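These notes are about the structure you will find just below.
There are 2 protein chains.
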Amino acid sequence: MQRRDFIRHGGLAGILAAGAAPAFAQSQPAINWRLASSFPKSLDTIFGAAEVMARYVAAVTENKFQIRVFAAGEIVPGLQVADAVQNGTVEMGHTASYYYVGKDPTFAFDTAIPFGLNYRQQTAWMFEGNGMKLMREFFAKYGIVNIPCGNTGAQMGGWYRKEIKSVADLKGLKMRIGGFAGQVLSRLGVVPQQIAGGEIYPALEKGTIDAAEWVGPYDDEKLGFNKVAPFYYYPGWWEGGPQLSAYIGQKHWDALPKHYQAVLEAACAYAHIEMMARYDAKNPGALKKLVAAGTKLRPFPRPVMDACSAAAADLYKETAAKNENFRKVFDDWSKFRDDQILWFRVTEQSFDNYMAMPKAAAAKK
Amino acid sequence: MQRRDFIRHGGLAGILAAGAAPAFAQSQPAINWRLASSFPKSLDTIFGAAEVMARYVAAVTENKFQIRVFAAGEIVPGLQVADAVQNGTVEMGHTASYYYVGKDPTFAFDTAIPFGLNYRQQTAWMFEGNGMKLMREFFAKYGIVNIPCGNTGAQMGGWYRKEIKSVADLKGLKMRIGGFAGQVLSRLGVVPQQIAGGEIYPALEKGTIDAAEWVGPYDDEKLGFNKVAPFYYYPGWWEGGPQLSAYIGQKHWDALPKHYQAVLEAACAYAHIEMMARYDAKNPGALKKLVAAGTKLRPFPRPVMDACSAAAADLYKETAAKNENFRKVFDDWSKFRDDQILWFRVTEQSFDNYMAMPKAAAAKK
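These protein sequences, in sequence, are chains E and B. Note that the working numbering gives residue 24 to position 18 of the first sequence, counting from 1, and the numbers run on in steps of one. Note that the working numbering gives residue 267 to position 261 of the second sequence, counting from 1, and the numbers run on in steps of one.
Now the structure itself:
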């Protein structure tokens, strides 16, 4: 009811039935949602992104729109967030879409695929390339609306009990690694293992596995991997800029007032920035601690990188041939990636590389 | 008639005074602000960031909080935005803080200083380092509240009529460049010139100036510099990740309901992401066009980079000795920068550099 009508009706019954109060109720309806996170509270940066998002949603709506964030396992296991949103167990989720490549490998583009995009490139593809459009079309098949909500930046290549000096050293290596990266590495003889975060340390310690990848210095240091695996490799070529996503059940999204949809988008944007900033601010200190405690930092040898890159290219070709969803997104994505690489290597990387030179550091003092 | 008066006059005060209607009126007050941008509409990426921000503010508040965005010159000249916000001519501004180094060089940390932070590092310093705290303390002296609102990423090093092969080639070079970068280059013999965007082309064409810096391929190509200066250098070491800022007059900020403050923060975060994404998406195509039209891409020679880096370090030391505001921020900022460089050179840059290798590109096909 419009203000004009409210005034015209005048009487108390009219006011209360269709006047100010309902107008208010419609404008800022009270909504209480539950969000299932794929992450434990101990991952304060990733889990925290959903909390930051929920806090902004509440702050902007004067606590009318409340989202309660539940850690992995509290409502559903961490890897069942897509299902929980799809079947309406929860209104919302916060997850990494590449967990669901078993349903369809196309999910991975919403997070990262090996030898893919860095943080900025992934964000650019989503916001100004065709990423959001293509991924929303894909997610619609699952009754899910996706919004980018965080990124870890390029991850590390994991912890190894022994040095990796050549492609031959990958043969028979039992490594905790999943998804596309596991498939790529298995082509080079690695035996990928699926192990939950909390069980990696004892498995590495006992030698049940030879290597494990997790995230980066800040998260890895907390789990103490450096005590049982001395070699810490980089870069994590399978995750150059993995994105986290907020999932919203389509029918819940459709039922939201338009301005609440905008609230969610803006709050996710804030969380997106905040999460990347938190990792960037926290990783350097953790890296220093690890190195001081004896961790041996090693770049993957160039032939290992080349063999993995070639195996990934084969895998994509085969996957695209089998899966039309994947092919459609890959065609757009790979063109975008090639253009990004062309541009980044000019001014962005030459700036970063100059700043990283020891002499430049000396000159800055 | 105001809503409050209407209620009082209507004789329903008892029912409504502490009820839904006044709560509603207070909840989403109608606010109309004017924002002065430092940029012309033709810079659709930078000028556009303020428009994106304003659109989100309106969308989230159901058009109750409206911000009208005015281009440079419509209310005040582009370089007087800080004054206009400080003295209350407008409630809000969108600008690059380093335009105001004449007032105090400390302003520059809110945008970029030579040999400084890249996009992610600047954002991390603001959101998770001490950047926001230190800059807000500083801006409080001017009655301004600052919020990060956009970034161009590393800019290019500008257009040159002749090749720069050595430090000696900088001597006597008349270049359109301002701020700290101009001061650094003047120590190496460059004669910095202050020229507005629209006048650069004729000055370069006539040879009144020998070189000019602007932004990057997307913006530069529109102005046609390639037609009058064949050499396009990189990286723009004076702007590794220049940030744009929203300015809000302190008294207007203080008078906002808390949830409108949160709306502004979230809307600026959305615009921050959007602007960077837009540049990343648009620069590659523009770069290709420029190169196809004959532009000669050149990296600055290493000795030029080193001489500029050393001159910048001297300038910072002298500025810190003279200016306590600058010294306080520089001490924190430079420690943060050194840590960021340490971290980025490990996994982030080795990922980007591998992706940029021709052989990797071939393997990806």
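All residues carry an ideal CB built from backbone N, CA and C; glycine is no exception. Note that the structure is a prediction, hence the values are computed from the model and not measured.
Endpoints, beta strand (DSSP E) assigned at residue i
i                        : result
valine 197 (chain B)     : 197-199
lysine 341 (chain E)     : Looking at the DSSP string, lysine 341 (chain E) is not in any beta strand (DSSP E); the run it does join, the alpha helix (DSSP H), is 330-350.
valine 234 (chain E)     : It is not in any beta strand (DSSP E) - valine 234 (chain E) carries neither H nor E in the DSSP assignment.
valine 190 (chain E)     : Where valine 190 (chain E) is concerned, there is no enclosing beta strand (DSSP E), although the alpha helix (DSSP H) it sits in stretches over 185-192.
alanine 252 (chain B)    : 249-255
asparagine 38 (chain E)  : 37-43
isoleucine 170 (chain B) : No beta strand (DSSP E) contains isoleucine 170 (chain B), which DSSP labels as neither H nor E.
valine 75 (chain E)      : 71-76
lysine 180 (chain B)     : 180-182
Neighbour flag for residue i against chain B, beta carbons, 8 angstroms
i                        : result
methionine 282 (chain E) : yes
methionine 138 (chain E) : no
histidine 278 (chain E)  : yes
leucine 348 (chain E)    : yes
valine 66 (chain E)      : yes
valine 58 (chain E)      : no
aspartate 447 (chain E)  : Because chain E is modelled from 7 through 371, residue 447 (chain E) falls outside the range shown and cannot be assessed.
methionine 98 (chain E)  : no
serine 33 (chain E)      : yes
glutamate 324 (chain E)  : no
alanine 160 (chain E)    : yes
alanine 62 (chain E)     : The sequence as given places tyrosine at residue 62 (chain E); alanine does not occur at that position. Closer than 8 angstroms: yes.
tryptophan 243 (chain E) : yes
tyrosine 166 (chain E)   : no
methionine 181 (chain E) : no
Chain E within 8 angstroms of residue i, Cβ atoms only
i                           : result
methionine 141 (chain B)    : no
methionine 311 (chain B)    : yes
alanine 23 (chain B)        : The predicted model places alanine 23 (chain B) with a pLDDT of 36, which falls under 50 and marks its position as unreliable, so this point remains unresolved.
proline 364 (chain B)       : no
tyrosine 104 (chain B)      : no
phenylalanine 186 (chain B) : no
phenylalanine 30 (chain B)  : The predicted model places phenylalanine 30 (chain B) with a pLDDT of 46, which falls under 50 and marks its position as unreliable; any figure quoted below should be read in that light. It does; some Cβ of chain E falls within 8 angstroms.
valine 352 (chain B)        : yes
glutamine 72 (chain B)      : no
phenylalanine 332 (chain B) : no
glycine 135 (chain B)       : yes
Same chain, Cβ closer than 7 angstroms to residue i, five either side skipped, listed in chain order
i                           : result
phenylalanine 336 (chain E) : Tyr322 and Ala326
alanine 78 (chain B)        : Ser43, Ser44, Phe45, Pro46 and Gly84
phenylalanine 71 (chain B)  : Ile37, Val63, Ala64, Tyr266 and Val269
leucine 293 (chain B)       : Pro223
phenylalanine 113 (chain E) : Ser103, Tyr104, Tyr106 and Val107
valine 297 (chain E)        : Leu303
8 angstroms Cβ shell around residue i - same chain, five flanking residues per side excluded
i                        : result
methionine 132 (chain B) : Met138, Met141, Pro154 and Gln249
arginine 193 (chain E)   : Ala317, Asp320 and Leu321
alanine 118 (chain E)    : Tyr104, Gln128, Trp244, Glu245, Gly246, Gly247, Pro248 and Gln249
methionine 311 (chain E) : Trp243
isoleucine 81 (chain B)  : Arg40, Ala42, Ala90, Thr95 and Val96
Residues sharing a beta bridge with residue i, DSSP
i                        : result
tyrosine 239 (chain B)   : B:Gly164 and B:Arg304
asparagine 152 (chain B) : B:Tyr253
asparagine 157 (chain E) : E:Gln249
Rounded distance between the beta-carbons of residue j and residue i, thought under 8 angstroms
i                           : j                        : result
alanine 275 (chain E)       : tyrosine 276 (chain B)   : 4 angstroms
glutamine 200 (chain B)     : isoleucine 215 (chain B) : In fact, because the Cβ distance is near 11 angstroms, the residues do not count as touching under 8 angstroms.
isoleucine 254 (chain B)    : valine 87 (chain B)      : No, isoleucine 254 (chain B) and valine 87 (chain B) are not in contact; Cβ-Cβ is about 12 angstroms, not under 8 angstroms.
tyrosine 239 (chain B)      : arginine 182 (chain B)   : Their Cβ separation, rounded to whole angstroms, is 14 angstroms, which puts tyrosine 239 (chain B) and arginine 182 (chain B) out of contact at 8 angstroms.
alanine 272 (chain B)       : alanine 273 (chain E)    : 6 angstroms
phenylalanine 342 (chain E) : glycine 135 (chain E)    : 5 angstroms
tyrosine 166 (chain B)      : alanine 217 (chain B)    : 4 angstroms
Contacting residues, own chain, Cβ-Cβ under 6 angstroms from residue i (five flanking each side not counted)
i                    : result
alanine 60 (chain E) : Ile73 and Val75
serine 315 (chain E) : Phe121
valine 234 (chain B) : Leu210 and Glu211
valine 196 (chain B) : Leu176, Leu179 and Met181
lysine 288 (chain E) : Tyr224
Range covered by the alpha helix (DSSP H) that runs through residue i
i                           : result
phenylalanine 144 (chain B) : 137-146
threonine 101 (chain B)     : Looking at the DSSP string, threonine 101 (chain B) is not in any alpha helix (DSSP H); the run it does join, the beta strand (DSSP E), is 98-101.
methionine 363 (chain E)    : Segment: none, methionine 363 (chain E) is in no alpha helix (DSSP H) and carries neither H nor E.
tryptophan 131 (chain B)    : 125-133
glutamate 2 (chain B)       : Nothing can be reported for residue 2 (chain B), as the shown portion of chain B is limited to 7 through 371.
lysine 177 (chain B)        : Taken as a continuous stretch (DSSP letters only), lysine 177 (chain B) belongs to no alpha helix (DSSP H), as it is neither H nor E.
tyrosine 207 (chain E)      : 203-212
alanine 90 (chain B)        : 87-92
aspartate 3 (chain B)       : Any answer about residue 3 (chain B) is impossible in this case: the structure gives chain B only from 7 up to 371.
aspartate 50 (chain E)      : 50-66
Proximity test, Cβ basis, 8 angstroms: residue i and chain A
i                       : result
glutamine 189 (chain B) : Absence of chain A from the displayed structure is noted, the protein chains being E and B.
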